[in-house]
Amino acid sequence: MEDFLFELYDLIQSAADGVLFGSTYALIGIGFTLIFGAMEKLNMSYAASSFAGAYTGLAVLSYFDAPFLVVLLSAVLSAGVVSYVVYLTCFRFIPVHNHLASLMASVGMLFFIDEVIIHATNASPLAFPALFDEVMIEIGPFGLRGDLIFIFAISMLSTVALLLLLFRTRLGFATRAVSQQGVAAQLCGIDIHRTNGITFIIAGMLGGVGGAMIGASVGMLSPLLTIPVTVKGLIVTVIGGLGNIPGAIVAGFLVGASENLFLFLRGVNERDMYVMLLLFVFLVFRPHGIFSRRSERD
Amino acid sequence: MLNLEGLSKHFGGVKALDQLDIKIEKGEIFGLIGPNGSGKSTTVNLICGVYPATRGRIIFQNEETTNKPPHQQLRRGIARTFQNIRLFENLTVWQNLWVAQNSKEDVAKQNPMARWFGSSAAVREEIEKILEFSQLAEKSNEPAGSLAFGEQRRLELARAVVAKPKLLLLDEPAAGMNLEEVEELGERIRNLRDSGITILLVEHVMELVMEVTDRMAVLNFGQKIAEGTPTEIQNDPKVQEAYLGTSSETT
Amino acid sequence: MDYYFGLSQTIGIHTLLGLSAYILMLTGQLSLAQVGFFAIGAYTSGILTTMFGYHIMPALLIGSLVAGFFAFLIGFPALRVKGLMLVVATIAFSQFVSLFFFNLDWRKTVNGVEVGPDSTQGFREIRYYAANGWDSGEVALFVWVIVVLVMAALWWLDRSRAGAVLRAVGEDELAAQSVGLNLTAVKVIAMTAGGVIAGLGGSLYAHSTTYVDHLTFSILLATFAIAYPILGGLSGVFGTLVAVIFIQGILVEGLRFLGDWRNLLFGLLIVLVMNLKPEGIIDARVAQLLKRTFLGGGKGGKHA
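Chains as they are written, first to last, in numbering that gives the first Met the number 0: chain A, 0 to 297; chain B, 0 to 250; chain C, 0 to 303.
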């Protein structure tokens, strides 16, 4: 009985840690979903631009020995810039109806950004600072890591900021209008290019938080993270429902928790396999996302 | 030939179609009219199996076909045209007809290998005949997307007919046509009926409907408000109200 | 000379990979799963030749069929998702396959040597060709005979009713259903065929490179698979071949002198091409032009 309890505690602990870490996945998922919502296209380079921001933050840290907040801020701002560049190169000029070309172009940017990072860092992993990593909050048999709580808090704050921006500002209103009815929005005088560009910047900045927080919780940044985070971010987006922000948030927690549980149960080599399987299960039972109401064929 | 019993379709809270009862006899040309949004296209889509019905039954040739998938409906002998032409634009005229030969007879005539990979003289003859009938023979190798509007409409009709349907659903085939074209269309529809096809004509263009149909039904807000011969419908005050929005005085 | 034989093998194998994605794109399914089937073919045939002494032909056949079988299984759930969701699902599938082989540990001692997939170490010693006295010229010929056969089959398919049906489904599913085409059957068959071709390519690949590991079957390769038909356009199989020659022959090899910088340039090049020619290098107009130039006059048969 005792063994079982310990197992159970470990499982719950893994899940809890996973949920906290999952908040970063939620950010990446929200970013993918924001861009999809705005342009009905996938930006495959999103995680890469997020990490580019994180790396810039790291550069700021090593050259200026700046405090964490400045590092975070520079990560956010530079990720926004990179994201805007992606917008220009992959979405601004390619015809609106051509999904394939934008997809391929964003894959090209994914490779490009990844290569720049590899060249800049000589492909070696770099340590990323973590805050509050000494702290441990004990709740009964469970311990909540301070650094994870911090990351969770920052991620959630960013999400709230994003939601406020989307739903309480004119800019956000324009973004939502464009995503729902692009032509009508244009006819109402909304500049669709400017709005989409800004959507990319905002999503990029959110991603910068995500990238930095992933770095903070893993303790390091490495170009080897780019593809796995891209894939998991996409999985979060799809499970949450394309274009569905609350879905992405919940899915982020779900994927984070599952990932950690699988890690605990099956080890790091097999962990990701089960995350993929999780996606397939969702696709079979809920192809339109967790919160979808559409169960009949279109 | 076709019975719709209490057919209903709800999209969330919206009742696109509410308890529709219609009987179409073999060899009829049956019209379905109504203001925009009255449920005409929904009816066609339900019969074809594009949408699942919320309630009610569809009985075709004494067999219940409610909610069966679209490709099966075609095999049973129900073909349709689309309001906004849906040709395979990058396929040639010939290919558009070729891929549509999917009736039970077509499938039975050849073994699968021959049907998918071979080409028989009989098949070619059939397609050529229909091309002749539709005056599209010279354009046989052109991509369907490059055809003129009138030609596209003829191809759309030809494609529906090549599968030798027993019931043909025409969804606003006269949209965008001038009077001369509408008359030609009427001729063609009558010819099709004479060759043994029962026709359900959903239409807005009154000249065509009144001319060509034997009987018709009128929908408004998803419900049938009248049924009868064209003359009866023309004089029905409920129909006038639905279209004109007023009760009584019409000059 | 060996170098050119090797290059031609690569081009041939990548053409098969591209064609497997091409046939799916005809039906409107953008699939990044092809690299997964490629991997299944590679490992299956490799295991058969190295661990069980199979002759290359049955190994190729079985490798392709096993890959096709899994493609068939994937075909059904793939129907439930469209467009970009399918892209994500297929990415996840390929990653899953890659991870599966990463964890696969199946060793056997043959003639005193330990062979077989060695999980993280990869699958080495796939030395069928060397062990049976094939030189690289013969291998290249072998690969290309197979590639030409597959291309011929697909070219012929394009002229048949089956080819038109595939394209009809890809163009307009609602219309296709309404003229009596069974979408499920068509799409699953296309997926299976794509899987067989990819498995064939993978089997050839494993034996040409003699070493495969999970890193080979990456998103990069999956992207190549769809890049070829996207670049080459969907008018016909030759487009894919030209795209492969262009990317593998000219870009990858020609830019080898750039060393490390080549990868940087590669991403930018994709971005550039997509902006300049979003419909592909060989779009419909270019295809017409080429046809007229090389085949003299639009004799146009009954095909698109």
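Even for Gly, the Cβ is constructed at its ideal location relative to N, Cα and C. Just so we're clear, the structure is a prediction, and the values are computed from it rather than from any experiment.
Classification of residue i by the beta-carbon crowding that lies within 10 angstroms, buried from 16 upward
{"i": "proline 286 of chain A", "result": "buried"}
{"i": "phenylalanine 284 of chain A", "result": "exposed"}
{"i": "glycine 219 of chain C", "result": "For clarity, residue 219 of chain C is leucine in the given sequence; the question names glycine instead. The residue is buried, with at least 16 neighbouring Cβ atoms inside 10 Å."}
{"i": "glycine 79 of chain A", "result": "buried"}
{"i": "arginine 265 of chain A", "result": "exposed"}
{"i": "leucine 214 of chain C", "result": "exposed"}
{"i": "histidine 96 of chain A", "result": "exposed"}
{"i": "threonine 93 of chain A", "result": "The amino acid at residue 93 of chain A is misidentified as threonine; the sequence shows isoleucine. Burial call: buried."}
{"i": "valine 187 of chain C", "result": "buried"}
{"i": "threonine 108 of chain C", "result": "exposed"}
{"i": "glutamate 231 of chain B", "result": "exposed"}
{"i": "serine 49 of chain A", "result": "buried"}
{"i": "asparagine 110 of chain C", "result": "exposed"}
{"i": "tryptophan 93 of chain B", "result": "buried"}
{"i": "leucine 119 of chain B", "result": "Sequence check: residue 119 of chain B is serine here, not leucine. By the neighbour-count rule (16 or more Cβ atoms within 10 Å), serine 119 of chain B is not buried but exposed."}
{"i": "isoleucine 11 of chain A", "result": "exposed"}
{"i": "arginine 166 of chain C", "result": "buried"}
DSSP three-state assignment for residue i, whether helix, strand or coil
{"i": "proline 228 of chain C", "result": "helix"}
{"i": "leucine 90 of chain B", "result": "coil"}
{"i": "asparagine 102 of chain C", "result": "coil"}
{"i": "asparagine 44 of chain B", "result": "helix"}
{"i": "threonine 228 of chain B", "result": "coil"}
{"i": "proline 34 of chain B", "result": "coil"}
{"i": "proline 51 of chain B", "result": "coil"}
{"i": "phenylalanine 29 of chain B", "result": "strand"}
{"i": "glutamate 4 of chain B", "result": "strand"}
{"i": "glutamine 18 of chain B", "result": "strand"}
{"i": "glutamate 39 of chain A", "result": "coil"}
{"i": "histidine 9 of chain B", "result": "strand"}
{"i": "threonine 14 of chain C", "result": "helix"}
{"i": "arginine 79 of chain C", "result": "coil"}
{"i": "glutamine 222 of chain B", "result": "strand"}
Beta carbon of residue i nearer than 8 Å to that of residue j
{"i": "valine 87 of chain C", "j": "leucine 205 of chain A", "result": "no"}
{"i": "glycine 107 of chain A", "j": "isoleucine 269 of chain C", "result": "yes"}
{"i": "aspartate 17 of chain B", "j": "glycine 221 of chain B", "result": "yes"}
{"i": "glycine 45 of chain C", "j": "phenylalanine 122 of chain C", "result": "yes"}
{"i": "serine 154 of chain A", "j": "leucine 26 of chain A", "result": "yes"}
{"i": "phenylalanine 37 of chain C", "j": "glycine 200 of chain C", "result": "yes"}
{"i": "valine 161 of chain B", "j": "alanine 99 of chain B", "result": "yes"}
{"i": "proline 142 of chain B", "j": "glycine 76 of chain B", "result": "no"}
{"i": "leucine 83 of chain C", "j": "alanine 77 of chain C", "result": "no"}
{"i": "alanine 211 of chain A", "j": "alanine 74 of chain A", "result": "yes"}
{"i": "leucine 31 of chain B", "j": "leucine 218 of chain B", "result": "yes"}
{"i": "leucine 282 of chain A", "j": "valine 34 of chain C", "result": "no"}
{"i": "glycine 30 of chain A", "j": "glycine 209 of chain A", "result": "yes"}
{"i": "arginine 192 of chain B", "j": "isoleucine 84 of chain B", "result": "no"}
{"i": "glycine 67 of chain C", "j": "glycine 162 of chain C", "result": "no"}
Cβ-based neighbour list, residue i, same chain, cut-off 7 Å, excluding 5 preceding and 5 following
{"i": "valine 146 of chain C", "result": "Gly11, Thr14, Leu15"}
{"i": "valine 204 of chain B", "result": "Ala173, Val181"}
{"i": "alanine 250 of chain A", "result": "Gly28, Val235, Ile238, Gly239, Ile289"}
{"i": "arginine 255 of chain C", "result": "Arg261"}
{"i": "glycine 149 of chain B", "result": "Glu180"}
{"i": "glutamate 24 of chain B", "result": "Met0"}
Sequence-distant residues of its chain with Cβ nearer than 6 Å to residue i (five each side left out)
{"i": "phenylalanine 252 of chain A", "result": "Val18, Gly21"}
{"i": "phenylalanine 261 of chain A", "result": "Arg270, Tyr273"}
{"i": "threonine 53 of chain B", "result": "Ser7, Lys8, His9"}
{"i": "arginine 106 of chain C", "result": "Glu113, Gly115"}
Counterpart residues of residue i in DSSP-defined beta bridges
{"i": "valine 217 of chain A", "result": "According to DSSP, valine 217 of chain A bridges with nothing at all."}
{"i": "proline 142 of chain B", "result": "B:Thr91"}
{"i": "leucine 215 of chain B", "result": "Before going further, note that residue 215 of chain B is methionine rather than leucine in the sequence given. Looking at the DSSP assignment, methionine 215 of chain B forms a beta bridge with B:Gly30, B:Gly227."}
{"i": "proline 116 of chain C", "result": "C:Phe122"}
{"i": "isoleucine 23 of chain B", "result": "B:Leu1"}
{"i": "phenylalanine 59 of chain B", "result": "B:Leu1, B:Glu62"}
{"i": "aspartate 170 of chain B", "result": "B:Val201"}
{"i": "methionine 135 of chain A", "result": "A:Arg144"}
Beta-carbon proximity list for residue i, same chain, < 8 Å, skipping 5 on both sides
{"i": "glutamate 63 of chain B", "result": "Arg56, Ile57"}
{"i": "glutamate 133 of chain A", "result": "Gly145"}
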